[in-house]
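Presented below is the structure to which this report refers.
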Amino acid sequence: MKHYLSVKDIDSLPDWVSEARKLKSNPRAFEYLGKGKTICLLFFNNSLRTRLSTQKAALNLGMEVMVMNFGSEGWQLEFEDGVVMNQGKSEHIKEATKVVSQFCDIVAIRAFASLTNKEKDEAEVVLNGFTKFASIPVVNMESSVAHPLQALADAITLDEQNTKAKPKVVLSWAPHPKALPHAVANSFVEMMQLQDVDFVITHPEGYELNPQITKDMVIEYNQKKACKNADFIYVKNWSSYSDYGKVLSQDSDWMMTSEKLGNAKFMHCLPVRRNVVVEDAVLDGEQSLVIEQANNRTFAAQVVLKKILES
Amino acid sequence: MKHYLSVKDIDSLPDWVSEARKLKSNPRAFEYLGKGKTICLLFFNNSLRTRLSTQKAALNLGMEVMVMNFGSEGWQLEFEDGVVMNQGKSEHIKEATKVVSQFCDIVAIRAFASLTNKEKDEAEVVLNGFTKFASIPVVNMESSVAHPLQALADAITLDEQNTKAKPKVVLSWAPHPKALPHAVANSFVEMMQLQDVDFVITHPEGYELNPQITKDMVIEYNQKKACKNADFIYVKNWSSYSDYGKVLSQDSDWMMTSEKLGNAKFMHCLPVRRNVVVEDAVLDGEQSLVIEQANNRTFAAQVVLKKILES
Amino acid sequence: MKHYLSVKDIDSLPDWVSEARKLKSNPRAFEYLGKGKTICLLFFNNSLRTRLSTQKAALNLGMEVMVMNFGSEGWQLEFEDGVVMNQGKSEHIKEATKVVSQFCDIVAIRAFASLTNKEKDEAEVVLNGFTKFASIPVVNMESSVAHPLQALADAITLDEQNTKAKPKVVLSWAPHPKALPHAVANSFVEMMQLQDVDFVITHPEGYELNPQITKDMVIEYNQKKACKNADFIYVKNWSSYSDYGKVLSQDSDWMMTSEKLGNAKFMHCLPVRRNVVVEDAVLDGEQSLVIEQANNRTFAAQVVLKKILES
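Protein chains in written order, with my numbering: chain R, 34 to 344; chain X, 34 to 344; chain C, 34 to 344.
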């Protein structure tokens, strides 16, 4: 494997999940693998789970880690080709990527969607810039349209928790005061397409995700109906895709509650706004998997890095 | 030992000081102890000594260190219970602490007093939030009301420098242009309560520390009288406790001078404002212990981490 | 060797370059040398190449690395002697340097020129403050007037690429929208004084570098004439030295082009503004050495750290 940019880079999900679970039971088993190798974690946006779990995964594999807040500690990057750089940008993505490639063996990037320009966001200028010009493997730590490390951690969590041949999994939109990207929802949808699950997406009308991602998956606008008899309910806010980046609804009726949850397990990528996205009783209850999802971020990252190191 | 939150968590000061001094003479002797273990240093405020000395202490014990400026690199935290999180705060302390606990074995926190709300400061929402919800040991790298790593370094320094059965130790307030917290003074006072010393606190009227901390210790409002025949004078500014967070005096007569110091050794936690808190002649003179105090920060942190790793 | 502050600290350039090239072919050969040793990288300004390459160099030598953005993460420093510190500065350089010396074995500093006060910039208050008061070796990661790690990487690159007994090397000024420091140009000039090269400096009138640095080196105001038959052309913008820190010209005729480059190799320290300093065709062409210069930053830093560790 060269890069880990999206869920599509997983060649065999069962193998990856199985390997991640083995790593979880013995995190330092492959400490020799990364000896003398360095990973750069480059953040263009804030991070808690991704920052710490990816560091931890790399350390578990014996790697050296260099963390950098690219925006505040480095130089403003230019992404356009052929531009006269006489404005605020000091360095072109071409040089930045090739330079970083001299100092490490793997580079991991976080660069969120702007939510102001759909075309630019979908072009994934930062991630694709690194993939195009860097001479080393690139790992996506959440880009404009995908968060495949999160989706892999979610798949590990589902595998650990599921007891049925074909569980019912619901992805439910929830309200949020700010406009949020689609990356987590997109990658979760793509991950469900790799699984033998009864999958339903529920959200208010106008919140349809990119149809090229959701394809022919079931969309049910009635949240209660969608959640009925669910085994797992993954809750997440996202802004409108068609009316790009807009908050069309803050309808608190869409908040996840114990009542709607029923006997399902509750999932969320975190950070989560309590009593806006989900009520306290769910998060503090026995059916919440959110902390285990966070825990599995380490082993999702670790299986990705291990596969890169081995190839 | 589970946590190191205050001086009260020291079970035997003589043992700890003796162990710290042994570590100082052979810092890498217990490098095996932290192998494969990770410490997260989470900063909600700036730091120089604490940042570098705690890292160094962890490295001396063979640990891996992940440093994070929580405020600027992570998410704004909510601390209130049951709140509807529809304002600026993205993540609740409950999730943040439990998540961090997945990625490391020890977490160390710096979160200063606001000095605007006494009740909130004394509730120690950040430190106590971590202690309550994290599943791993918590180390206080200066909280609203305590700085026990500094106080332990001070105790080590006193032990190294003292030649008397019962030395006279003075804690003297000094002027400062900004309102400063009480944490260092509080922990030093608590530390003196564990020692066989002749202890005097001196400050202008109105600058009394929390009486629940100072208890029946001697307070002398005449600085010159207080300092007479002292063996050690610890100088520190703090803002008013009763008129909470206010600067009531900037009287330069309270600056420490060679004359007032007499034959005593001079102590301060640093950073220090020259010729405001203390005159150049004292800091640049032979009786100043400030650099050795800073040096001992490493071994204070190291004995704390060692005890946590061993338990 | 105690410090590495300028090109003048290189005792034998051929030996250093040869050693750097050996390190490049086997970067981990001296991993034992830095075991248990710590380097602090203190940044008062942004950095990409220097931050990552110096970390990497230290890791290659088995050192532990502590990186700190001094300005945003630490305390504002006072540099004046005898001042009453009742304004914005919290800590004096005297204490800061002595304290840092307690926690690491080598300290590396980046502190750019202000370009507003020539006298202050030339006094190198940050770098010289550390050199004067720190008890440990100091490495210059670009100061007001020098960038000797860059110049050493440039010397390694020249050595690798040169095929002539006495190559012609040109240092050409280029336009830039912002006022930039003289550090890179100064150190490159000093480096050329250590080499058997036919060296020409070219820039518009009014852009003369400090004559105490350029001494009797050839200055040619006609860029095309200067570049004729060059083997290496090093392009760099700097602001005026005589009219200190001013941008006197943004004449785009001074941009480096393929035509002016001829058969020469193109060098630049990066970051570089495309189509302002140099046209795309040069940077994207076969004659550009900029990525290899960046790569050699690691081995420049590594030979410096190795020499310090060995002494």
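Quick reminder that beta carbons are idealized off the backbone N, C-alpha and C, glycines included.
Exercise. Residues of chain C with CB under 7 Å from A327/X, in chain order?
Worked result: For this step, residue 327/X is matched to residue 294 along the second sequence. Chain C residues near A327/X: V132 and Q135.
Exercise. When burial is assigned at 16 or more other CB atoms within 10 Å of the CB, is T130/R buried or exposed?
Worked result: Here residue 130/R refers to the residue found at position 97 when the first sequence is read from its first residue. Note on T130/R: 16 or more other CB atoms within 10 angstroms of its CB, so buried under the neighbour-count rule.
For this session: May I ask you to report which of helix, strand or coil DSSP gives D187/C?
Result: As a working note, residue 187/C is residue 154 in the third sequence. Three-state result, D187/C: helix.
Problem set entry | For W271/C, the residue or residues it bridges with in DSSP | For the purposes of this step, residue 271/C is taken as residue 238 along the third sequence, with counting starting at 1. Note: W271/C sits in no beta bridge, so no partner.
For this session: Can you pull the chain X residues whose beta carbon is under 9 Å from the beta carbon of V309/R, in chain order?
Result: By one-based count along the first sequence, residue 309/R stands at place 276. Chain X residues near V309/R: V117, M118 and N119.
Exercise. Are N270/R and L182/R touching if we call contact CB-CB under 8 Å?
Worked result: Position 237 of the first sequence, counted from the start, is the residue given in the question as residue 270/R. Position 149 of the first sequence, counted from the start, is the residue given in the question as residue 182/R. No, they are not a contact pair.
Exercise. Residues in its own chain within less than 7 Å of A334/C by CB, not counting five upstream and five downstream?
Worked result: Within the third sequence, residue 334/C is the residue found at index 301, counting from 1. Cβ neighbours of A334/C beyond the five flanking positions: S86, T87, A90 and L182.
Exercise. Whose C-beta lies closer than 8 Å to the C-beta of R307/C among residues of the same chain, with five residues either side of it excluded?
Worked result: For this step, residue 307/C is matched to residue 274 along the third sequence. So the qualifying residues of the chain are D313 and L316.
Exercise. Which residues does DSSP pair with R143/X in a beta bridge?
Worked result: If you number the second sequence from 1, residue 143/X lands on position 110. Per DSSP, F76/X.
Exercise. On the three-state DSSP scale, how would you describe M96/C?
Worked result: Position 63 of the third sequence, counting from 1, holds the residue named residue 96/C. Coil at M96/C, not helix or strand.
Exercise. Starting from K298/X and walking both ways along the alpha helix (DSSP H), at which residues does that stretch end?
Worked result: Taking the second sequence and counting its residues from 1, one reaches residue 298/X at position 265. Counting along the chain, K298/X falls outside any alpha helix (DSSP H), though it belongs to the beta strand (DSSP E) covering K298 to M300.
Exercise. So is W287/C in contact with chain X if we call contact Cβ pairs under 8 Å?
Worked result: In the third sequence, counting from the first residue as 1, residue 287/C sits at position 254. Judged by the 8 Å Cβ criterion, W287/C is not in contact with chain X.
Exercise. Beta-carbon of R143/X versus every beta-carbon of chain B: anything under 8 Å?
Worked result: Of the protein chains in the structure, R, X and C, none is chain B.
Exercise. T196/R: buried (16+ other C-beta within 10 angstroms of its C-beta) or exposed?
Worked result: For the purposes of this step, residue 196/R is identified with residue 163 of the first sequence, where counting begins at 1. Exposed: under 16 other Cβ atoms inside 10 Å.
For this session: Helix, strand or coil for E113/C, going by three-state DSSP, please let me know.
Result: Within the third sequence, residue 113/C is the residue found at index 80, counting from 1. Correct three-state label for E113/C: coil.
Exercise. Got a sec: which bits of the stretch 62–80 of chain R sit with their beta carbon under 7 Å from any beta carbon on chain C, in order along the chain?
Worked result: The stretch 62–80 of chain R vs chain C, Cβ under 7 Å: G69, T71 and C73.
Exercise. Name the DSSP beta bridge partners of K165/C, please?
Worked result: The sequence position of residue 165/C within the third sequence is 132, counting from 1. In DSSP, K165/C forms no bridge with anything.
Exercise. Listed in chain order, which residues of the stretch 86–99 of chain X have Cβ atoms closer than 8 Å to some Cβ of chain C?
Worked result: S86, Q88, K89 and L92
For this session: With V132/R as the anchor, note down where its alpha helix (DSSP H) starts and where it stops.
Result: The residue labelled residue 132/R in the question sits at position 99 within the first sequence. Run containing V132/R: I126 to F136, per the alpha helix (DSSP H) assignment.
For this session: List the residues of chain C that N349/X touches, going by C-beta distances under 7 Å, in chain order.
Result: Any answer about residue 349/X is impossible in this case: the structure gives chain X only from 34 up to 344.
Exercise. If you draw a straight line from the alpha carbon of G95/C to that of K293/R, how long is it in whole angstroms?
Worked result: Translated into the one-based positions of the third sequence, residue 95/C becomes position 62. Translated into the one-based positions of the first sequence, residue 293/R becomes position 260. When only Cα atoms are considered, G95/C and K293/R end up about 55 Å apart.
Exercise. Where does G67/X land, buried or exposed, given buried means 16+ other C-beta within 10 angstroms?
Worked result: The residue labelled residue 67/X in the question sits at position 34 within the second sequence. Classification of G67/X: buried, given that the 10 Å Cβ count is 16 or more.
For this session: Taking a Cβ distance cut-off of 7 Å, strictly less, list which residues of the stretch 161–174 of chain R are near chain C, in chain order.
Result: none
For this session: Verify whether the separation of the beta carbon atoms of V337/X and Y65/X is less than 8 Å.
Result: The count along the second sequence starts at 1 and reaches residue 337/X at position 304. The count along the second sequence starts at 1 and reaches residue 65/X at position 32. Contact: no.
Exercise. What number of angstroms, rounded off, separates the C-alpha of I72/R from the C-alpha of L185/R?
Worked result: Taking the first sequence and counting its residues from 1, one reaches residue 72/R at position 39. Taking the first sequence and counting its residues from 1, one reaches residue 185/R at position 152. Approximately 20 Å between the Cα atoms of the pair.
Exercise. Closer than 8 Å, CB to CB, is D114/C near chain R or not?
Worked result: Here residue 114/C refers to the residue found at position 81 when the third sequence is read from its first residue. The beta-carbon of D114/C is placed no less than 8 Å from the nearest beta-carbon of chain R.
Exercise. Taking Cβ-Cβ distances below 9 Å as the criterion, which residues of the stretch 187–212 of chain C are in contact with chain R?
Worked result: P208, H209, P210 and K211
Exercise. Looking at the structure shown, is L342/X part of a helix, part of a strand, or coil, going by DSSP?
Worked result: Position 309 of the second sequence, counting from 1, holds the residue named residue 342/X. In this structure, DSSP gives L342/X a helical state, which the three-state scheme calls helix.
For this session: Kindly provide the ranges of any beta strand (DSSP E) runs that are 3 or more residues long and lie completely inside the stretch 218–258 of chain R, ordered along the chain.
Result: 231–235
Exercise. Of all the CB atoms in chain X, is at least one closer than 8 Å to the CB of L342/R?
Worked result: Start at 1 with the first residue of the first sequence, and residue 342/R comes out as number 309. No, because no Cβ of chain X sits closer than 8 Å to the Cβ of L342/R.
Exercise. Using a C-beta cutoff of 8 Å, does A263/C count as contacting chain X?
Worked result: Counting from 1 along the third sequence, the entry for residue 263/C is found at position 230. Not an interface residue.
Problem set entry | Through-space distance from T190/C to H301/C, alpha-carbon basis | If you number the third sequence from 1, residue 301/C lands on position 268. If you number the third sequence from 1, residue 190/C lands on position 157. Distance between the alpha carbons of H301/C and T190/C is about 11 Å.
Exercise. Who are the near neighbours of G121/X in its chain, counting only those whose CB is closer than 8 Å to its CB and skipping five residues on each side?
Worked result: Working through the second sequence from its first residue, we reach residue 121/X at position 88. In the same chain as G121/X, and ignoring 5 residues on each side of it, the C-beta atoms closer than 8 Å to its own belong to Q109, in chain order.
Exercise. Shortest alpha-carbon distance to N296/R belongs to which of K201/R, F332/R and H236/R?
Worked result: As a position in the first sequence, residue 296/R is number 263, starting the count at 1. Selected option, being the one with the closest Cα: K201/R.
Exercise. Using a C-beta cutoff of 8 Å, does I324/X count as contacting chain C?
Worked result: As a working note, residue 324/X is residue 291 in the second sequence. Put simply, the CB of I324/X is near chain C, with a gap under 8 Å to one of its CB atoms.
Exercise. Among N119/C, C260/C and H209/C, which has the Cα closest to the Cα of Q283/C?
Worked result: Within the third sequence, numbered from 1, the residue matching residue 283/C stands at position 250. Of the listed residues, the one whose Cα sits closest to Q283/C is H209/C.
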